[in-house]
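Colleague: So the protein lines, in turn, are chains A and B.
Positions in the first sequence are counted from 1; adding 316 to them yields this note's numbering.
Positions in the second sequence are counted from 1; adding 6 to them yields this note's numbering.
Cβ atoms here follow ideal geometry from the backbone N, Cα and C, with glycine treated the same way.
Since we're looking at a predicted model, the values are computed, not measured.
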Amino acid sequence: MGFLALSFLGAVLDKKQVGLVACSAVGLAFLVAFWALTDLMNLEPAERIGHVEVLYPWITSGKFHLDLSVLIDPLSVFMLMIITGVGFVIHVYSIGYMNDDPEYSRFMSYMNLFIFSMSVLVMAADFFFLIVGWALVGLASYLLIGFYSEKRSAVLAARKAFVMNVIGDVGMVVAAYVIFQNFGSLNYVDVFAKAPEMYLPNSDAILLITFLLLVGAFAKSAQIPLHTWLPDAMEGPTPVSALIHAATMVTAGVYLIARCSVLYELAPYTMYLIATVGGITAIFAATIGLVQNDIKRVIAYSTMSQLGYMFLAVGIGMFGLGMFHLMTHAFFKALLFLSAGSVIHGMSGEQDIRKMGGLMAIMPLTFISFLIGSLSLIGFPLTSGYFSKEAIIISAWHAPMGNIFFWGLAVVTAGLTGFYSFRIFFFAFMGKQKDPNAHPHESPVVMTLPLMILAFLSLIAGGLGHDVLEFLSPVFGGHVPPHHEDGLLEGITLTLGAVGVIAALGLYLTDEERVKFVKDMLLPVHEILYRKYYIDELYDFFLVQPTKAIGKFLEEKAERQGIDFVVDQVAEKVKETSEGLSQWQSGKVRVYALNMVGGAVMILMFLVFY
Amino acid sequence: MIPAPIVDLVSLSPVIVLSLFAMGVLILDLFIGKDKTVLVFLSLLGLFLAAVSSLAKGTGPIYSFSNSYVVDTFSIFLTFVFAISSALAIMLSVSYNKEQGIKIGEYYSIILFCTVGMIVLASSADLIMIFLGIEIVSISLYILAGIRRTEKRSNEAALKYFLLGAFASGFLLYGMALVYGATGTTHLKDIASVLASSEFKTSPILLMGVVLLVVGFGFKVASVPFHMWAPDVYQGSATPVTAFMSVGPKAAVFAAFFRIFVEGIPNISDYWDTILCIVAVITMFVGNLGAIIQDNMKRLLAYSSISHAGYILVALIAKNSLGMSSLLFYMLAYAFMSFGAFAIIIILDKQNGDNLEVKDYAGLGFKHPVIAVCMSIFLLSLGGLPPFAGFVGKFYIFSAAVKEGYITLVVLGVLNSAISFYYYLRVIVYMYMKEPEGDYQVQPSLAPFSLLVIGIAVFGTIELGIFPGPVISWTMN
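1. Could you please give the first and the last residue of the uninterrupted alpha helix (DSSP H) stretch that includes Y515 (chain A)?
2. Using the Cα positions of N422 (chain B) and P272 (chain B), report the straight-line distance between them to the nearest angstrom.
3. Please classify W900 (chain A) as buried or exposed, where buried requires at least 16 other C-beta atoms within 10 Å of its C-beta.
4. Within 8 Å of any Cβ in chain C, is that where the Cβ of K409 (chain B) sits?
5. Just to confirm the assignment, what range does the alpha helix (DSSP H) spanning I487 (chain B) have?
6. Using C-beta distances below 6 Å, list every residue in its chain close to I288 (chain B), excluding the 5 sequence neighbours before and after it, in chain order.
7. Quick check on M912 (chain A) - is its C-beta less than 8 Å from some C-beta in chain B?
8. List the residues of chain A that K166 (chain B) touches, going by C-beta distances under 7 Å, in chain order.
9. Report the three-state DSSP secondary structure of E363 (chain B) (helix, strand or coil).
10. Contact between the region 63-78 of chain B and the region 147-162 of chain B: three or more CB pairs below 8 Å?
11. Which chain B residues sit within Cβ distance under 8 Å of E895 (chain A)?
12. By the 10 Å Cβ neighbour count, where 16 or more other Cβ atoms means buried, how is K476 (chain A) classified, buried or exposed?
13. For T544 (chain A) and L295 (chain B), what's the separation of their Cα atoms in angstroms?
14. Might you give, ordered along the chain, the residues of its own chain that have their beta carbon closer than 8 Å to the beta carbon of S409 (chain B), omitting 5 neighbours on each side?
15. What do you get for L415 (chain B), buried or exposed, if any count of 16 or more other CB atoms within 10 angstroms of its CB means buried?
16. Of all the CB atoms in chain B, is at least one closer than 8 Å to the CB of K891 (chain A)?
17. Indicate the three-state DSSP secondary structure (helix, strand or coil) for Y75 (chain B) in the structure shown.
18. Measure from the alpha carbon of D668 (chain A) to the alpha carbon of each residue in A:G657, A:I678, A:L546, then state which is nearest.
19. Express the C-alpha separation of G631 (chain A) and G569 (chain A) in angstroms, rounding to a whole number.
20. Checking contacts by CB at 8 Å: is Y2 (chain B) closer than that to chain A?
21. Could you please give me the residues that DSSP links to H193 (chain B) through a beta bridge?
22. Since I96 (chain B) and V46 (chain B) are thought to touch, with beta carbons under 8 Å apart, how far apart are those beta carbons, to the nearest angstrom?
23. Does any residue of chain B have a CB that is nearer than 8 Å to the CB of Q901 (chain A)?
24. Take L213 (chain B) and list the residues in its own chain whose beta-carbon comes closer than 7 Å to its own, dropping the five residues that flank it on each side.
25. Kindly say whether F319 (chain A), judged by its beta-carbon, lies nearer than 8 Å to any beta-carbon of chain B.
26. Among B:L165, B:F291, B:I117, which residue has its Cα nearest to the Cα of M29 (chain B)?
27. Along the region 233-246 of chain B, what residues have a CB closer than 7 Å to any CB found in chain A?
28. For L458 (chain B) and E141 (chain B), what's the separation of their Cα atoms in angstroms?
29. Assess contact between the region 130-140 of chain B and the region 55-62 of chain B, defined as three or more Cβ pairs (one per stretch) separated by less than 8 Å. Is contact present?
30. Between B:S331, B:L418, B:P474, which lies nearest to F80 (chain B) when the distance is taken from Cα to Cα?
31. Is the number of C-beta pairs between the region 762-780 of chain A and the region 709-718 of chain A that are closer than 8 Å three or more?
32. Could you have a look at T376 (chain A) and say whether DSSP puts it in helix, strand or coil?
33. Cutting at 6 Å between CB atoms, please list the residues of its own chain near F455 (chain B), excluding the five before and the five after it.
34. Using a 10 Å radius around the Cβ and a threshold of 16 neighbouring Cβ atoms, would you call Y736 (chain A) buried or exposed?
35. Around the Cβ of G779 (chain A), are there at least 16 other Cβ atoms within 10 angstroms (buried) or fewer (exposed)?
36. Cβ closer than 7 Å: which chain A residues qualify as neighbours of G296 (chain B)?
Dropping the structure here:
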């Protein structure tokens, strides 16, 4: 099993020039993952965990062992299914979307690199390869965000994403070091087996480890305060946004916490922190999303907000629910992004929703997909989002670690979600066409087919909820999270969601005067939200500017006058010595012989006087 | 009555095989015409058989000839290193000799005889045997250095080497005599057991003998301050001979050096290890600093070879089993990377020693990228950059020394590695970043044997760098 799994990685690595090959590589990977899934399904739940396939013992140095090995368990296979499944669909979509791009094959190879890195990340059987995958994913993301390398904003966004990710990587590396110090191993199996025996809940070591891992998770999953790169990352091509910044990479943080659930259960304080940050991020991102005008940015903020939900879920100990929402979110968010991509493609690159409108009739397939995606996002009954999100919101109240504060955050966010998702929906698809120069057209079938597949999944995936929870349960200590029924809470959530939608309807489907009126009334608030709470400005003022000043100072004083000077002098002296040495080398045999005698005498003198 | 020594011809089989082949080559040379290719194949076959026959006795230490000859892992491993390095030297010579007009069949048989001497050196457990081995090796090398009879530089090299070498042999022999005088035996094991009782430890005769041994060995391995012959001789000799001299014979002398000091007189190491530390440090410094301003590639590698002798001395000073295995590993690694670098010098070399300056390498990276990449690999490995063999070798040597607490020595060694990058990288900079002066003229002569050598060397350098495990565990035995 492990061998086959790796052989598909090899196939993915092949940077073939043709989209077909790229797609079939990912498709093949998906089939292998699917095969692993059926294999696991046939096993008894208790036997499903801990299949570590050692491929090659790599480094053995003292007590440090490192094997190249993969972990096959429900969690990794589950993630693999999502990554390769959604990845495959998006690869197919990219064939159409990137068709006109001269750098088509470079794009495809980066995409394959990303899938490979992500597979390494989720299949790693120890923290070392987890970090390898983690960093590779960061690299792939950097390359893809900055894909339009002639666009300055894209390059800046890529750099920002990279810096943020590196902050997370540092946290991860330090975490790995602390883990190795404490447990003497980096292997999941060893660490997770030893942890409960060695440490009491909330002991310092565990809190430190979980916190450091959390830094990595927050950076990758764009949680406050390491979130600013995600909206900017929308500068990349839309399939990238769909694949990396919605469906897969950003969920790595959630995966990490779920993977280390054993450790996190020993650290309730950290869990509380996760849930709080998750909840706040959810509402924070949702409010910003209310006022943005770029269609992709709105979806990006909604991604952040949904990631907040996932963190909330894992933070209150509902790991299974977090993973379930991760899955449904992967479907409907990829769907939304791809539909948005289809819109942008049809509008020849226009991303501002104020210039769109009336696309319903022109792009019916895209319209339907986007509608389904939005409905699922707001948790409209019986769509997939409904099942996963509703479960999280109710658990936020009813779970042992839940409280009314978490629930409040979650439920208000649900209302805001309704508003902003339908705001863009109405802007883009309803009303009249606003830009007379645009000639929108429906996208080709390679693009709409993936949309339909994802739309189908978004609609029905909710029904898999119980199966997913049960499948994953062995990884999370063997119990299926209890299902909470609370009609009242459910009702409140649905009502708020509906209120959001209706508010959007009321504002944006009627005349524009009303929008203007509301906007003027709430001008200060609008400004703060539009500026994203000034977080970027804060970073710039407190971190970027001082760092630049220090760098400048060091360059002028320390570098030029200190180090450079010393280095130059050393080089000068070394050269002089070298020349001196070669003059010693006179070429005369008698000098050489004398030299030998001299050496002998010196050694003798040394011995006598020593 | 003196008991007759145990005659164990099987132990001696590599030596016997090689001697027979060397004589065969010599005789066959009379009957064939001007094309000496058949001699090459015969010599290679001889080396191969010698290496194989060294395995005949298994790996356990087996003493024979009144305990003066020993077969153990150390000697077997070195026999392989010698066979490989001699084979590489022979293969390098094929096209070089054709181009340079060296039409002497004895050439190959002398290399084989020299190899015989090296095997004797690595296997001897007795001062007299060691001297015998050193003389076989040295005399062969004197001839090889002067093999280009019509070349002035070659003659100068041979004569210098001979005069100074004879001088050094005097030191060595006198040192051995004094050690014998102090301990009453020439067997290394017996010397060790005599010295185990404390009364002889401070005898002036013994210490004088040790000093003279250091001088003699110091000369043979070209350590400072007895190194001065090396740059001149290396530059003057034919390039394949230079490559040969810098690897095999040096390794053999190091083996004897190691046997005497670590197996024979470890009990008085208080006296000699400080001396050797100082010698090692100044050897590294002089070698590396001397190389910095060299413009001639052969001279540059000669100085580099001096500095490598310094590193190997560190392994000897460590005196532990890790030191021994790191010494062996380093010999093998050094054989690959040094031969590789020399092979590239040879294929770029033209008659009359053109194209031997560093500046002749300008632009090589663009005209002949494969050659330039190979050269970069060898140079970086010589400098000790992972993932190449040189790094692993240095790493093991230094960790052996650290284990015994020679921290200062190791720090100085690492510092020297850093210095050495200056001149190795300088060549690489020339290859990739400088425009050639005038028209580009260097035309490599791509003879199949030379390419084979480069291929083997690249493979060995990378293989030992990435998967050092099997070789290390062999040397640990």
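Modeller: Inspection of the coordinates gives the following:
1. By one-based count along the first sequence, residue 515 (chain A) stands at place 199. Per DSSP, Y515 (chain A) lies in no alpha helix (DSSP H) segment and is marked neither H nor E.
2. For the purposes of this step, residue 422 (chain B) is identified with residue 416 of the second sequence, where counting begins at 1. For the purposes of this step, residue 272 (chain B) is identified with residue 266 of the second sequence, where counting begins at 1. Roughly 27 Å separates the two Cα atoms.
3. By one-based count along the first sequence, residue 900 (chain A) stands at place 584. So W900 (chain A) counts as exposed.
4. Included in the structure are the protein chains A and B, with no chain C among them.
5. There is simply no residue 487 (chain B) to check, as chain B begins at 7 and stops at 483 in what is shown.
6. Here residue 288 (chain B) refers to the residue found at position 282 when the second sequence is read from its first residue. The residues are V230.
7. To locate residue 912 (chain A), count along the first sequence from 1; it is residue 596. Yes, M912 (chain A) counts as interfacial toward chain B.
8. Residue numbering aside, residue 166 (chain B) sits at position 160 when the second sequence is read from its first letter. Counting only Cβ-Cβ distances below 7 Å, K166 (chain B) has contacts in chain A at V905, in chain order.
9. Locating residue 363 (chain B) in the second sequence gives position 357, counting from the first residue. Residue state, collapsed to three classes: strand.
10. Contact between the region 63-78 of chain B and the region 147-162 of chain B is absent, because fewer than three Cβ pairs lie under 8 Å.
11. Position 579 of the first sequence, counting from 1, holds the residue named residue 895 (chain A). Contact of E895 (chain A) with chain B by beta-carbon distance below 8 Å involves I299.
12. As a first step, residue 476 (chain A) must be located in the first sequence, where it is residue number 160. Buried.
13. Mapped onto the first sequence, residue 544 (chain A) falls at position 228. Mapped onto the second sequence, residue 295 (chain B) falls at position 289. If you draw a straight line from the Cα of T544 (chain A) to the Cα of L295 (chain B), it is about 52 Å long.
14. Position 403 of the second sequence holds residue 409 (chain B). Checking the sequence, you will find Lys at residue 409 (chain B) rather than Ser. Closer than 8 Å at the Cβ level, and outside the excluded window around K409 (chain B), lie A324, N326, L328.
15. Within the second sequence, the letter at position 409 stands for residue 415 (chain B). When all chains shown are included, L415 (chain B) counts as buried.
16. Mapped onto the first sequence, residue 891 (chain A) falls at position 575. Yes - at least one Cβ of chain B is within 8 Å of the one on K891 (chain A).
17. The residue labelled residue 75 (chain B) in the question sits at position 69 within the second sequence. If DSSP states are grouped into helix, strand and coil, Y75 (chain B) belongs with the strands.
18. As a position in the first sequence, residue 668 (chain A) is number 352, starting the count at 1. Checking every option, the nearest Cα to that of D668 (chain A) belongs to A:G657.
19. Counted from its first residue, the first sequence places residue 569 (chain A) at position 253. Counted from its first residue, the first sequence places residue 631 (chain A) at position 315. About 12 Å.
20. Since the first and last residues shown for chain B are 7 and 483, residue 2 (chain B) lies out of range.
21. For the purposes of this step, residue 193 (chain B) is identified with residue 187 of the second sequence, where counting begins at 1. For H193 (chain B), which the question treats as bridged, DSSP gives the partners B:D132.
22. Along the second sequence, one-based indexing puts residue 96 (chain B) at 90. Along the second sequence, one-based indexing puts residue 46 (chain B) at 40. Yes, they are in contact, since the Cβ atoms of I96 (chain B) and V46 (chain B) sit about 6 Å apart, within 8 Å.
23. Translated into the one-based positions of the first sequence, residue 901 (chain A) becomes position 585. So yes, Q901 (chain A) belongs to the interface.
24. Locating residue 213 (chain B) in the second sequence gives position 207, counting from the first residue. If we look at L213 (chain B) and ignore the five residues flanking it on each side, its Cβ neighbours are Y277.
25. What you label residue 319 (chain A) is simply residue 3 of the first sequence in a count that begins at 1. Bear in mind that the predicted position of F319 (chain A) carries a pLDDT of just 38, short of 50, making it too unreliable to give a figure here.
26. Position 23 of the second sequence, counted from the start, is the residue given in the question as residue 29 (chain B). For the residues B:L165, B:F291, B:I117, the minimum Cα distance to M29 (chain B) belongs to B:I117.
27. For the region 233-246 of chain B, the set of residues with a beta-carbon nearer than 7 Å to any beta-carbon of chain A comprises M234, W235, P237, D238, in chain order.
28. As a first step, residue 458 (chain B) must be located in the second sequence, where it is residue number 452. As a first step, residue 141 (chain B) must be located in the second sequence, where it is residue number 135. Their Cα atoms are separated by approximately 32 Å.
29. Here the region 130-140 of chain B does not lie against the region 55-62 of chain B, with fewer than 3 beta-carbon pairs under 8 Å apart.
30. By 1-based counting over the second sequence, the position of residue 80 (chain B) is 74. Minimum Cα distance to F80 (chain B) is reached at B:S331.
31. Because the criterion of three Cβ pairs below 8 Å is not met, the region 762-780 of chain A and the region 709-718 of chain A do not touch.
32. Stepping through the first sequence from its first residue, residue 376 (chain A) is reached at position 60. Caution applies to T376 (chain A), whose pLDDT of 49 falls short of 50 and renders its modelled position unreliable; the value that the coordinates give is listed next. Secondary structure of T376 (chain A) (DSSP, three-state): strand.
33. Counting from 1 along the second sequence, the entry for residue 455 (chain B) is found at position 449. Same-chain partners within the cutoff: M97, V100.
34. The residue you call residue 736 (chain A) lines up with position 420 of the first sequence. With a 10 Å radius around the Cβ and a threshold of 16 neighbouring Cβ atoms, Y736 (chain A) comes out buried.
35. Working through the first sequence from its first residue, we reach residue 779 (chain A) at position 463. Result: exposed.
36. Within the second sequence, the letter at position 290 stands for residue 296 (chain B). Within chain A, the residues S894, L897, S898 have their CB atoms less than 7 Å from the CB of G296 (chain B), given in chain order.
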